[in-house]
Amino acid sequence: MGFVITIDGPAASGKSSVSRELARSLNIPWVSTGAFYRGLAYAAIRKDIALTDRERLSELAMSNDWKVEMTPEKTKVWFESEDVTDKIGQENVGNAASTISHYPEIRQSLLDHQRSCALGVKGLVAEGRDCGTVVFPQAEVKVYITASSEHRASRRAQELGTDQKEMAQLQQVRDKQDSTRKVAPLQVPEGALVLDTTEMTFSEVFDRVLEFVDGKLKN
Ligand code: DC
0 MGFVITIDGP AASGKSSVSR ELARSLNIPW VSTGAFYRGL AYAAIRKDIA LTDRERLSEL
60 AMSNDWKVEM TPEKTKVWFE SEDVTDKIGQ ENVGNAASTI SHYPEIRQSL LDHQRSCALG
120 VKGLVAEGRD CGTVVFPQAE VKVYITASSE HRASRRAQEL GTDQKEMAQL QQVRDKQDST
180 RKVAPLQVPE GALVLDTTEM TFSEVFDRVL EFVDGKLKN
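For the sequence shown, numbering that gives the first Met the number 0 assigns the number 0 to the initial residue and increments by one for each residue that follows.
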């Protein structure tokens with residue numbers, strides 16, 4: 000297993016952009032663990048499985064009907080041989096993902112797949128909500144990225160071309176769900192670099208993260 004850098008934080012905090020850039024500069028792969036929850040939620044919607052039907056969701060979690068693939072640009076999701084990566088980015092899929100992420104048995108069945116991303120590689124950047132606390136608690140480097148809720152809502156609304164106010168409301172619900180759930184809630188991992196990026200440019204964020212990573216990996 001290679002070294003692991005975890006980047007956790009709330010929705011639309013910019014984790015994916017930082018992870019992608021960091022992985023590129025270190026020449027290692029990266030994975031969005033949110034893609035596993037989004038992929039499963041999307042597959043459930045397509046198969047008309049209720050988000051409350053835990054038994055069928057668990058079966059679906061372990062089925063070959065969908066899969067996740069790491070690529071340098073994005074963590075891709077395939078549903079029945081169709082690339083649905085763009086479709087899982089919608090906020091309704093994010094909210095469905097947040098709903099099913101409460102079920103401990105679902106989290107457990109996705110865990111092995113998430114961990115296996117670090118096998119056979121020299122290093123991995125993993126981003127999500129519980130990467131530094133549950134998926135890779137032994138990670139060499141942990142980062143926690145956040146930003147004001149207004150900033151995050153405006154970023155995601157711009158990305159998706161939707162209304163900012165509506166996005167802020169949806170994100171509020173998701174933030175609350177993700178940080179108050181009983182299993183693996185969003186929290187700052189011990190020893191993590193904490194960055195509030197509200198007033199920072201992307202290159203300032205990236206430089207600060209890279210400096211922290213360099214310092215940690217040298218030791
Ligand atoms: O990071 P994201 O927006 O793609 O994540 C979508 C949802 O998936 C998020 O609201 C909660 C869930 N999730 C999780 O519970 N644990 C993770 N490590 C990543 C995502």
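Every residue, glycine too, gets a C-beta built ideally from N, C-alpha and C.
Scanning its chain for C-beta atoms nearer than 8 Å, with the 5 sequence neighbours on each side dropped, one finds around F205 the residues V17, E20, L21, in chain order.
If you ignore the 5 residues before and after E68, its C-beta comes within less than 8 Å of the C-beta of T74, K75, V76, W77, all in its own chain and listed in chain order.
With a cutoff of 8 Å on beta-carbon distance, I27 and L123 are scored as near each other. T84 and G190 have their C-alpha atoms spaced approximately 33 Å apart. Apart from the 5 residues on each side of it in sequence, S12 sits with its Cβ closer than 8 Å to the Cβ of I144, T145, A146, R151, T196 in its chain, given in chain order. Distances from the alpha-carbon of D213 to those of E198, M199, F201, L192 put L192 closest.
Across the structure, A40 and V92 are spaced so that their CA atoms are roughly 6 Å apart. A straight line joining the alpha-carbon of T5 with that of L25 spans about 14 Å. With a cutoff of 7 Å, G93 counts as near the ligand DC, since its C-beta is closer than that to a heavy atom of the ligand. Classified as exposed, A49 has fewer than 16 neighbouring CB atoms from the shown chains inside 10 Å of its CB. With fewer than 16 other Cβ atoms from the protein chains shown falling within 10 Å of its own Cβ, K181 counts as exposed. If you compare the alpha carbons of M0, P9, F2 with that of L185, the shortest gap goes to P9.
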